[in-house]
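Under our numbering, the sequence shown has 1897 at position 412, and the numbering climbs by one with no breaks. Virtual Cβ for every residue (Gly too), placed ideally from N, Cα, C. None of these values were measured; they are calculated from a predicted model. The structure under discussion appears below in the form of structure tokens.
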Amino acid sequence: MNPSVPPRSARKTSLELTPNQMALKITLSYASFAMLWIVFSDQILGWLVNDPADLVRFSTYKGGLFVLVTSAWLFILGQRWLQQSAAAQLHEQSTLTQFARRAQALLDLPAAAEAMDERSFMRHGLEVAEQLTASQIGFIHVVNEDQESIELVTWSSDTLAHYCSAAFDSNYPVSQAGIWADALRQKAPVVFNDYAKASGEHGLPEGHARLDRLISVPVLEGGVVRMMAGVGNKPTLYTDKDLETVRLIAEAIWRIVRQRRADAALKNSQALYKTLYDSNPLPMWVFDLETLAFLSVNDAAVDHYGFSRDEFMAMTLRDIRPQQMLPVLPDILTSGTEAPCQGSICQHLHKNGEVMLVEIAAHPITFDGRSAQMVLVQDVTTREKTQAQLRKVSLAVAQSPESIVITNLNAEIEYVNEAFLQATGYTSEEVTGQNPKILHSGKTPKRTYDDLWAAMRQGRMWKGEFYNKRKDGSEYVEFAIITPLRQPDGSITHYVAVKEDITEKKNIGLELDGYRHHLEELVAQRTQELTKARAEAEAASQAKSTFLANMSHEIRTPMNAILGLSHLLRSSGSDNPAQIDKLNKIDSASRHLLSILNDVLDISKIEAGKITLESRQFQITEVVGNVQTLIEADALDKGLTLQVGGDALALWVQADATRLRQALLNLAGNAIKFTPKGSVSIDVSEVSRVGEQVTVRFEVTDTGIGLSAATVSRLFTTFEQGDASTTRQYGGTGLGLAITRSLAQLMGGDAGVSSVPGQGSTFWFTARVTLRQSPQLRLALPSGANGRQQLLALHRGQRVLLADDNPLNLEVAQEMLLQVGLLVTTASNGQQVLDLVRDQPDGYDLILMDLQMPLIDGLQATRALRALPMGQTLPIIALSGNTFAPDRELAREAGMNDFVAKPIEPETLYASLLTWLPQASASIVQPGRPGDAADAPTEPLVMPDARLVQTVLAQLEELLRHSDAAALSLFQQHAAALALALGEDFKPLADQLQKFTFDEAGKTLVKRRQRLHQVTPAGA
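Structure (structure tokens):
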């Protein structure tokens, strides 16, 4: 025990003797007393009594006294033993009670710790020790890691309430502490039952609780004091039991506090670890080493691999490994680690099948009782690709045929490639760290270096030439490109130079300069000659174009009169067959001459590259039908069967219908010409389709004379014919097939023929057209109605201003217009046209105007009209014998809407009129109205389909029932057909609609509609 503890008696108290020990004690006491009595009583009696009689008597008295004394002695010893035995029992019961209280307190401490914070729990444990030892004060200090200072955790509540008012720093130096801290210094408990008399510094601050007695116990862990607990001022002396109680309580408190701290640290560590796992930006997972099944994955793995968490939980490592990596999986099962991948590049599969390059860090763990492995994955796909690119760049630099030098900012060489070493003769060791000036020959101008460093200081690239010297002293010329190398932050750290040895090029350049100067002289001379020849060629071409234009105009003008008068004479209704036959022959010869003229002009334009394609929407059957109409009469005259077919006839396309018709007519006309008997068939088929672009094939097959292989080889060449002899049976210029092939090629196709002599031929051409949607179905005149009939039905009574300086042409055109019911005003020059339009701003629906007229020609008059308010929207159609593309372009630029070539074809003129005449009002479109021009034709009109008319009337009736203004639009849209179908009932209905009296119009329509059932189509 500590020497400061007061010494205890070496002899045991009676409270500490057992019954046997007490009996032995009494027996020994009695035996000792009896022995002493016997020995000394007889001797003393012999000294005192000499008389034997008295000696006997006193001996008797001595025996009685002995009995009396020993009885009293035994009584006293027995009574004391009984008293001490009862006290011992009470003491033992008290000790057991204290032990039970201490044991219960130790058992209750963990439960108390669950409901308190650390400081409150330590105070509670201190108060338990204070109560068990009957102390009045208590304290707990924790010892800092340096073992040189302590921190007060708590006083007991009673200490703070009644005894202590001192305050000191939480980090209290041990050196300033009194003997109460000897437990820390000695690493052993200390007990002071008289603190005031104890030796050593007491070390109590002012206001500290007075110490009378003290127990201070250290709590050691690993040989180091972690905590001191103390109690003091017990009313009685502290015993070993008190010391043991304080020690047990203190150790229990520290054990629980340490466990709580460990549990909290573990909990925090687990929470931190889970947070790091869940929020780690890199994929992580745990897998079972036995089954390779995934046991846990973090969010990064879900995001990076594309699988959902549920999908991962149903997968194993095999599911994210490429096929070639599966053989190493058994090694993982054996070794318990992803050794084949760890520390090296491994391959994993994304959900989309892409292979990812990854690096893996893994370590074994126990997860829910299973042997598992935690894996951290880093996707290095981008890094590896970048490194691969860098390796390529490195190899490219190292193996570049050009010299490459890299220096630092001090112009010290840090890298040169093999090409540099080969070019200079130095080794890498000889130039590394050197300045590139070791190559200087002294012949490079100083200005070159000044410009170079000025560019480098400004961070710009520099290009120039150096006159350098090799290691062996030979000189050479280099062309260098020097560039600053910038880091991502923009700072310049190095310079790189790419240099090419241009010595040989310089020598060759000097040699070439001599040749160049001579060549320039030759080029200048030749250029002058070519310029002169080009000017002459252009002049000749212009003369040719002017000649052809004049010839076209001069030939077409009289041809217009011939064809026009022939047409008018045939239309006059003459009954003289001989006269009609002559007129037909005149017309046929004129048209043949016109076709020759057109072919010559076309081939001239093709050769000059001046032919242009137009574009409009049409149905292919329109082109084929027109050609069929033109050749049908000739086919019938020869007794030939004419057939038309093909899967492309119904297509609606955007293309040049005129040129398609011209090419097909050339082939079909030839087939009729060279087929004496049998049949001619026209077939149109679709060859290919890419989006809206369709290639269409036109074929004309005949059963004619056929062609030999030698003849076929000469076809499609200008002025070539199958039979060019003077005894040939068939005429022709030999231009038609050449024109057909040229037009086909212009339209993105080609032309050709297959033929067997004596059996017939198949001529074909292809063209690329743009597919279009068929236009919306509209109730109009049926296909049997020609342009003349449509004009009579749709535009009768509209006003046309006709201008031409040739009286004969003027007469012919006027007659054609009068035949379709139009009202015609004539003019002989552009000035008259302007005057008439100014006088009657709303007097004309359309102008037909010749281009070449005196005073003001057609182009000038058109420009002037377009400048007038009333002339901006007035349709103007050009009439001209000049049919070249430049003439048409001039007409378009002047503001003309259309172009009709002379000689005028009636159907061509009528088609243009139908296109550009504005829609007539209902008051004008009235067929059969009394008072029309006497010279208007009286031939019957082709009537529209009665069922379609009835459908339109039903729609019109429905709109009128709801007073819908769309009724007027519908009526105007189909006015021409309704006028023909309803006859005299048309005008009242039109007047009511124009006045917006829809109720009256509805009633009229109900009364009139039934009459439509009596209308039947022509020819029925």
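Going by other Cβ atoms of all chains shown within 10 Å of its Cβ, with 16 needed for buried, is Met1601 buried or exposed?
-> exposed
Reference Val2322, options Met2334, Gly2356, Leu2336 and Met2301, closest by Cα = Gly2356
Under three-state DSSP, which class holds Gln1632?
-> coil
Burial state of Asn1505, where buried means 16 or more other Cβ atoms lie within 10 Å | Under this definition Asn1505 is an exposed residue.
Taking just the CA atoms, how far does Arg1745 sit from Glu1612?
-> 20 Å
Where the alpha helix (DSSP H) containing Asn1765 begins and where it ends = Note, Asn1765: premise wrong, no alpha helix (DSSP H); not H, not E.
How do the stretch 1867-1883 and the stretch 1795-1814 stand: do at least 3 beta-carbon pairs fall below 8 Å, yes or no?
-> no
Cβ contact (3+ pairs, closer than 8 Å) linking the stretch 1843-1859 and the stretch 1950-1959 | no
Option nearest Pro2371 by Cα separation, candidates Leu2098, Val2175 and Asp1936 = For Pro2371, the nearest C-alpha among the options comes from Leu2098.
Where the beta strand (DSSP E) containing Gln1616 begins and where it ends | That residue, Gln1616, is in no beta strand (DSSP E); its alpha helix (DSSP H) goes Glu1603 to Leu1617.
Cα-Cα separation between Glu1903 and Ile1891, rounded to whole angstroms | Each residue's alpha carbon lies about 13 Å from the other.
For Trp1947, which residues does DSSP report across the bridge?
-> Looking at the DSSP assignment, Trp1947 forms a beta bridge with Ile1967.
Between the CA atoms of Val1702 and Ala1598 - distance to the nearest angstrom = 21 Å
Nearest-angstrom beta carbon gap, Leu1540 and Leu1530 [assumed within contact, 8 Å] | 7 Å
Buried/exposed call for Thr2251, threshold 16 Cβ in 10 Å | buried
For Pro2354, which three-state DSSP category applies?
-> helix
Using a beta-carbon distance below 7 Å, is Leu2054 in contact with chain B?
-> In the structure shown, chain B cannot be found, because there is only a single protein chain.
Under 7 Å, do Asn1765 and Ala1749 count as touching if we go by C-beta distance?
-> no
How would you label Thr2347, buried or exposed, when you count the other beta carbons within 10 angstroms and need 16 or more for buried?
-> buried
Does DSSP put Pro1849 in a helix, in a strand, or in coil?
-> Three-state result, Pro1849: strand.
Per DSSP, cross-strand counterpart(s) of His1626 = Leu1637 and Met1713
Quick one: grab the DSSP three-state call for Asp1986.
-> strand
Nonlocal neighbours in the same chain, by C-beta distance under 8 Å from Val1962, ignoring five residues either side | Within the same chain, Val1962 has close Cβ partners Glu1950, Phe1951, Tyr1952, Asn1953, Asp1986, Ile1987, Thr1988 and Lys1991.
Residues bridged to Ile1977 [DSSP beta-bridge criterion] | Arg1971
Proximal residues to Ala1982 (C-beta, below 6 Å), its chain only, five neighbours per side dropped | Val1890, Ala1965 and Ile1967
If you drop the 5 nearest sequence neighbours on each side, which residues of the same chain put their C-beta closer than 7 Å to that of Phe1905?
-> Ser1888, Ile1889 and Val1890
So what's Lys1954 in DSSP terms, helix, strand or just coil?
-> strand
Can you tell me which of the three DSSP states Ser1701 falls into?
-> strand
In three-state DSSP terms, what is Asn1718?
-> coil
Start-to-end residues for the beta strand (DSSP E) that takes in Arg2257 | Gly2245 to Arg2257
In chain order, what residues of the same chain have a beta carbon less than 6 Å from the beta carbon of Leu2340, not counting five sequence neighbours either side?
-> The beta carbon of Leu2340 is closer than 6 Å to those of Asn2314 and Gln2316 in its chain, skipping five residues each way along the sequence.
Report yes if the CB atom of Met1607 is closer than 7 Å to the CB atom of Val1638, and no otherwise.
-> yes
Of the residues Arg1868, Arg1806 and Glu1869, which one's Cα is nearest the Cα of Glu1839?
-> Arg1806
From Gln2440 to Ala2278, what does the alpha carbon distance come to, in whole angstroms?
-> 22 Å
Mind reading off the beta-carbon distance from His1835 to Tyr1762? Whole number of angstroms is fine, and I expect it under 8 Å.
-> Taking a contact as a CB-CB distance under 8 Å, the pair His1835 and Tyr1762 does not count as one, their CB atoms being some 22 Å apart.
Just mark Arg1932 as buried or exposed, buried being the case when its beta carbon has 16 or more other beta carbons within 10 Å.
-> exposed
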